[in-house]
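Asker: Okay, here's the structure, questions in a sec.
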Amino acid sequence: MNDLRKQIEQEIGEGRYAEAKALVDRLWRESPGSATAGYLVQCGARLRGHIPLAPARVRILRSFTLEPAVPLFRAGALAGGIDLSVELSEFNAYAQEFLDPGSPLYTEPLTAVILAVSTRDLAPELWDGFADLSAAGTRSAVEHAIAQFRNWVTLFRASSQASLVIHTLEMPPFPSHGVLDAQARDRAEGEGQCAAIAQINDGLRSLAAATPGVYVLDFDALIARRGRDHWYDATKWFTVRMPMRAENLGLIAAEWLKFLHPITGKVAKVVVTDLDNTLWGGVVGEDGIQGIQVHRDEHKGAPYWNLQRALADLQQRGILLAIASKNNPEDALQAIDSHPGMLLRSRHFAATRIGWGDKASSLREIAAELNVGLDSLVFVDDNPVERQMVRMSAPEVTVLELPADPSGYARAVRECPLFERLALSNEDRERTGMYAAQAERRRLEQSASSIEDFYRSLAQQVEITRVTPANFPAVGPRVAQLTQKTNQFNLTTRRYNEAQILDLCGRPDWDVYAVSVRDRFGDNGLVGVCITRDEDSTRHIDSFLMSCRVIGRTVETAILSAVAAGAKARGLRRLEGWFLPTRKNAPSAGFFRQHGFSVARQEETGELWSLDLGSATVPCPEWIGLNVDEKETAHA
Amino acid sequence: MNPEILDRVRQMMADIFGVPVDQLTPASSPDNVETWDSIQHLNLVMALEQEFGVQFSPEEIEQLLSVELVASLVEEKKKEIGVA
């Protein structure tokens, strides 16, 4: 452990920051804990500015001591590529902070706010005075707690665009009425203590579902997973106002990270799995199909079936599955499609590399085929040597650490915060099918006689809808998600959360357009976003981005034609926008030039391009059917 | 004093207080380590409890006021639970 520290110091001292970060990650993998966390926080400050890290700032409003969880939270974030700073509110100052427009909650530029209030503090009469309460008293305690949450959420959303994560209230380890508490029939009558607390949590969930950017952290479920008997520490509570044991601090930090990753867009889009001894037990090339182990209900095969179930769950969450395996392709594919115990079949995988090449090359090919960056990949392999190889030769890929015992594989996947999502769109649920259609399109492209023929044969229909507060619930979350996730065709790479999109689409001078594309192979779903701001006689393009799924199909020209036509219809004379280069958005670098814009200003961060709408036109390609929702486009 | 425990304790304290490990002697205390304040003291107690699987009473927490005292109390506690 100390050797690793010496190496880290040496790498930082000699300016090899990427190497230092890899060692920092290893230190955290090998000894996660409060002491290591303190060291990692120091390392983070020294690595800042030298390696790409997503910045994030979180304020925690709380009713109990959480200070020792903060270094663990920051260290875990650093290992996941996030440069996190954290502020804690004073004890029990959350109500004042929500109410006071001058509180740091509103004046500081925060990424997210966590509200961690315990049942004991928010609803004391339900926590330890329940036996004395009448039915009416219980009802009023429940209503009071929900009303408080509602008030805070409303105040917060009116004044802040940060995400808000709210802990649920935890259940008592011993209900006041013992087993009788579980016999309660009527929640509305306030019959049970746990039922009453559950009712508050239900209210909290409804509130979060109805408010963009507000999320529920099931703190009670976290305590239950650990075990209530192993959670609390009465001595710590009475001495330092910390209700839980030291060993549970890491679990709280890990739970916070599951929210921080999707909030900051640090998420994985593809999970690439090995086959032998990972997806099934045994080696198919040696043991044959009859000899490999995978089965839901058999001792030896169950761990592998459980991993497959975890991967299948990820696929339903919109994460693509892929295979990188050293095997004979025939053996492996036959095992996948004909072994009776398999849950996943070849149709579940969006890309497959089975052969004898090295895994880092396979991962690069998979990323290229699926049109995602290497840093969107998570690699799952039972073999520590393969994992180390990939860490060294493809450091952008996240390599999942697996325990030696296969029965822990599924858990490792389920605990990885890169797979967490805070909202699911229809696009997420149908993604694998969409990629199958994508493969069909690629075959058509290869057989078409000219690129124009290919475009015509696609029969694309582009639908552009202006996002309004009224249609926000249907399209807003996906629009925000696209601004968070899109890296390649993205002119300015400005990230917006749901609350910010809702705010923008309600402003009179701003327009948020959502772009959907259909073609003969099916519906690509909502795949593009354009955000504009009109000022004087100019329409300024704040954001213009498209999912990689529709790059290279002239969809961007169709979108721009609609934006230009809309500007002309409002009597505007000029269209302009920045191209801000990043490490990843080269595919959109030529966009303005190709459409007749000229450079109006050059700065260190990028170029401002401009088009005179009086003299230039942007026609929609003849092979695209364009439908702009006029009703939505016209401003009131 | 068990030198192995002393070394581990010093390294942990260096990490938590953000000071080089060679600056910490057995006599280092909140009086001469500037960053050893009440919050970092709590962080230290949490780290010790996680690392060594022990639990300190409120009275013990108040006594952990030098590197030497920390190391010897950890050693004593580990003997109590039979892992030393």
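Chains as they are written, first to last, in numbering that gives the first Met the number 0: chain H, 0 to 635; chain A, 0 to 83. The C-beta atom is built at its ideal place from N, Cα and C for all residues, glycine as well.
Select from H/468, H/140, H/385 the residue whose C-alpha is nearest the C-alpha of residue 498 of chain H.
Answerer: The residue given as residue 498 of chain H occupies position 499 in the first sequence. Of H/468, H/140, H/385, the residue nearest in Cα terms is H/468.
Asker: Please tell me whether residue 45 of chain A and residue 33 of chain H are closer than 8 Å, where the distance is taken between their beta carbons.
Answerer: Stepping through the second sequence from its first residue, residue 45 of chain A is reached at position 46. Stepping through the first sequence from its first residue, residue 33 of chain H is reached at position 34. Cβ distance < 8 Å, so residue 45 of chain A and residue 33 of chain H count as in contact.
Asker: Which residues in the same chain have their Cβ closer than 8 Å to the Cβ of residue 549 of chain H, if we skip the five residues on either side of it in sequence?
Answerer: Position 550 of the first sequence holds residue 549 of chain H. Answer for residue 549 of chain H: 516, 523, 526, 527, listed in chain order.
Asker: Would you decide whether residue 58 of chain H is buried or exposed? Buried here means 16 or more other CB atoms lie within 10 Å of its CB.
Answerer: As a position in the first sequence, residue 58 of chain H is number 59, starting the count at 1. By the 10 Å Cβ count, residue 58 of chain H comes out buried.
Asker: Please confirm whether residue 66 of chain H has its beta-carbon closer than 8 Å to some beta-carbon of chain A.
Answerer: Stepping through the first sequence from its first residue, residue 66 of chain H is reached at position 67. It does; some Cβ of chain A falls within 8 Å.
Asker: For residue 325 of chain H, write down the residues that DSSP places opposite it in a beta bridge.
Answerer: As a first step, residue 325 of chain H must be located in the first sequence, where it is residue number 326. In the DSSP output, where bridge partners are listed per residue, residue 325 of chain H has H/354.
Asker: Should the stretch 605-621 of chain H be called in touch with the stretch 564-576 of chain H, which here means at least 3 C-beta pairs below 8 Å?
Answerer: These segments touch.
Asker: Given that a residue counts as buried once 16 or more other Cβ atoms are within 10 Å of its Cβ, and exposed if not, what is residue 12 of chain A?
Answerer: Counted from its first residue, the second sequence places residue 12 of chain A at position 13. In the assembly as shown, residue 12 of chain A is a buried residue. Its beta-carbon has 16 or more other beta-carbons within 10 Å.
Asker: In three-state terms, what does DSSP make of residue 521 of chain H?
Answerer: On the first sequence, position 522 is the one that residue 521 of chain H refers to. Collapsing the DSSP output to three states places residue 521 of chain H in a strand.
Asker: Under 8 Å between the Cβ atoms of residue 532 of chain H and residue 502 of chain H?
Answerer: Position 533 of the first sequence, counted from the first residue, corresponds to residue 532 of chain H. Position 503 of the first sequence, counted from the first residue, corresponds to residue 502 of chain H. Annotated as distal: residue 532 of chain H and residue 502 of chain H, with beta-carbon spacing of 8 Å or more.
Asker: Would you say residue 38 of chain A lies against chain H (beta-carbon separation less than 8 Å)?
Answerer: In the second sequence, residue 38 of chain A corresponds to position 39, counting from 1. Yes, its Cβ sits closer than 8 Å to a Cβ of chain H.
Asker: If you compare alpha carbons, which of H/167, H/170, H/193, H/368 is closest to residue 179 of chain H?
Answerer: Working through the first sequence from its first residue, we reach residue 179 of chain H at position 180. If we check each option's Cα against that of residue 179 of chain H, H/193 comes out closest.
Asker: Inspect the beta-carbon positions of residue 392 of chain H and residue 267 of chain H and report whether they are closer than 8 Å.
Answerer: In the first sequence, residue 392 of chain H corresponds to position 393, counting from 1. In the first sequence, residue 267 of chain H corresponds to position 268, counting from 1. No, the pair does not count as a contact, with Cβ atoms beyond the cut-off.
Asker: Mapping the DSSP letters down to three states, classify residue 537 of chain H as helix, strand or coil.
Answerer: One-based indexing of the first sequence puts residue 537 of chain H at position 538. Strand at residue 537 of chain H.
Asker: What does a CB cutoff of less than 6 Å around residue 556 of chain H pick up in its chain, not counting 5 residues either side in sequence?
Answerer: The residue given as residue 556 of chain H occupies position 557 in the first sequence. Counting only residues of its own chain and dropping the five nearest sequence neighbours on each side, residue 556 of chain H has a CB closer than 6 Å to the CB of 620.
Asker: Would you decide whether residue 639 of chain H is buried or exposed? Buried here means 16 or more other CB atoms lie within 10 Å of its CB.
Answerer: Chain H is shown from 0 up to 635; residue 639 of chain H falls before or after that span and cannot be answered.
Asker: For the stretch 4-30 of chain A, list every residue whose C-beta sits within 7 Å of some C-beta in chain H, in sequence order.
Answerer: Going along the stretch 4-30 of chain A in chain order, one finds 10, 11, 14, 15, 17 with a Cβ nearer than 7 Å to chain H.
Asker: Assess, as a yes-or-no matter, whether the stretch 228-241 of chain H is touched by the stretch 39-49 of chain H under the definition of 3 or more beta carbon pairs within less than 8 Å.
Answerer: no
Asker: Compute the Euclidean distance between the alpha carbons of residue 75 of chain A and residue 20 of chain H, then round it to the nearest angstrom.
Answerer: Taking the first residue of the second sequence as 1, we reach residue 75 of chain A at position 76. Taking the first residue of the first sequence as 1, we reach residue 20 of chain H at position 21. Roughly 37 Å between the two C-alpha positions.
Asker: With residue 460 of chain H and residue 200 of chain H assumed to form a contact (beta carbons below 8 Å), what rounded beta-carbon distance in angstroms separates them?
Answerer: Taking the first sequence and counting its residues from 1, the one referred to as residue 460 of chain H is at position 461. Taking the first sequence and counting its residues from 1, the one referred to as residue 200 of chain H is at position 201. Their Cβ separation, rounded to whole angstroms, is 44 Å, which puts residue 460 of chain H and residue 200 of chain H out of contact at 8 Å.
Asker: Between the stretch 276-288 of chain H and the stretch 255-265 of chain H, are three or more C-beta pairs nearer than 8 Å?
Answerer: Fewer than three beta-carbon pairs drawn from the stretch 276-288 of chain H and the stretch 255-265 of chain H are found closer than 8 Å, and the two stretches are therefore not classed as touching.
Asker: When the Cα of residue 321 of chain H is compared with those of H/380, H/247, H/53, which residue comes out closest?
Answerer: Here residue 321 of chain H refers to the residue found at position 322 of the first sequence. With distances taken between Cα atoms, residue 321 of chain H lies closest to H/380.
Asker: For residue 70 of chain A, which residues in chain H fall below 7 Å Cβ to Cβ?
Answerer: Residue mapping note: residue 70 of chain A aligns to position 71 of the second sequence, counting from 1. The premise fails here: residue 70 of chain A is roughly 14 Å from chain H at the closest Cβ pair, so nothing lies under 7 Å.
Asker: Under the three-state reduction of DSSP, which class applies to residue 332 of chain H: helix, strand or coil?
Answerer: As a first step, residue 332 of chain H must be located in the first sequence, where it is residue number 333. Reduced to three states, the DSSP call for residue 332 of chain H is helix.
Asker: Consider the Cβ of residue 57 of chain A: report whether some Cβ of chain H lies at a distance smaller than 8 Å.
Answerer: Counted from its first residue, the second sequence places residue 57 of chain A at position 58. For residue 57 of chain A, the answer is yes, since a Cβ of chain H falls inside 8 Å of its Cβ.
Asker: Would you say residue 70 of chain H reaches chain A, if we count a Cβ-Cβ gap shorter than 8 Å as a contact?
Answerer: By 1-based counting over the first sequence, the position of residue 70 of chain H is 71. Yes, because at least one Cβ of chain A sits closer than 8 Å to the Cβ of residue 70 of chain H.
Asker: Looking at residue 106 of chain H: is its Cβ nearer than 8 Å to the Cβ of residue 56 of chain H?
Answerer: For the purposes of this step, residue 106 of chain H is taken as the residue at position 107 of the first sequence. For the purposes of this step, residue 56 of chain H is taken as the residue at position 57 of the first sequence. Their beta carbons are not under 8 Å apart, which means residue 106 of chain H does not touch residue 56 of chain H by this criterion.
Asker: Among the residues of its own chain, which have a CB less than 7 Å from the CB of residue 100 of chain H, if the five just before and after it don't count?
Answerer: The residue labelled residue 100 of chain H in the question sits at position 101 within the first sequence. Correct list, in chain order: 158.
Asker: Could you work out which residues of chain A lie near residue 62 of chain H, taking near to mean beta carbons separated by less than 9 Å?
Answerer: As a position in the first sequence, residue 62 of chain H is number 63, starting the count at 1. Neighbours of residue 62 of chain H on chain A: none; closest Cβ ~17 Å, over 9 Å.
Asker: Mind checking if residue 48 of chain A is an interface residue toward chain H, Cβ cutoff 8 Å exclusive?
Answerer: Position 49 of the second sequence, counting from 1, holds the residue named residue 48 of chain A. By this cut-off, residue 48 of chain A is an interface position.
Asker: Along the alpha helix (DSSP H) that carries residue 42 of chain A, what are the first and last residues, could you check?
Answerer: Numbered from its first residue, the second sequence carries residue 42 of chain A at position 43. From DSSP, the alpha helix (DSSP H) with residue 42 of chain A extends over 37-51.
Asker: When DSSP labels each residue in this structure, what does residue 67 of chain A get in the three-state scheme?
Answerer: For the purposes of this step, residue 67 of chain A is identified with residue 68 of the second sequence, where counting begins at 1. The answer is helix: DSSP assigns residue 67 of chain A an H, G or I state.
Asker: In chain H, what lies closer than 8 Å to residue 64 of chain A by C-beta?
Answerer: Translated into positions along the second sequence, residue 64 of chain A becomes position 65. Under the 8 Å cutoff, chain H gives no residues; its nearest Cβ is about 16 Å from residue 64 of chain A.
Asker: Along the beta strand (DSSP E) that carries residue 602 of chain H, what are the first and last residues, could you check?
Answerer: Start at 1 with the first residue of the first sequence, and residue 602 of chain H comes out as number 603. Start and end: 597-602.
Asker: Between residue 32 of chain H and chain A, is the shortest Cβ-Cβ distance under 8 Å, so that the two count as touching?
Answerer: Position 33 of the first sequence, counted from the first residue, corresponds to residue 32 of chain H. Yes, residue 32 of chain H counts as interfacial toward chain A.
Asker: Taking buried to mean at least 16 other C-beta atoms within 10 Å of its own C-beta, is residue 325 of chain H buried or exposed?
Answerer: Taking the first residue of the first sequence as position 1, residue 325 of chain H is located at position 326. When all chains shown are included, residue 325 of chain H counts as buried.
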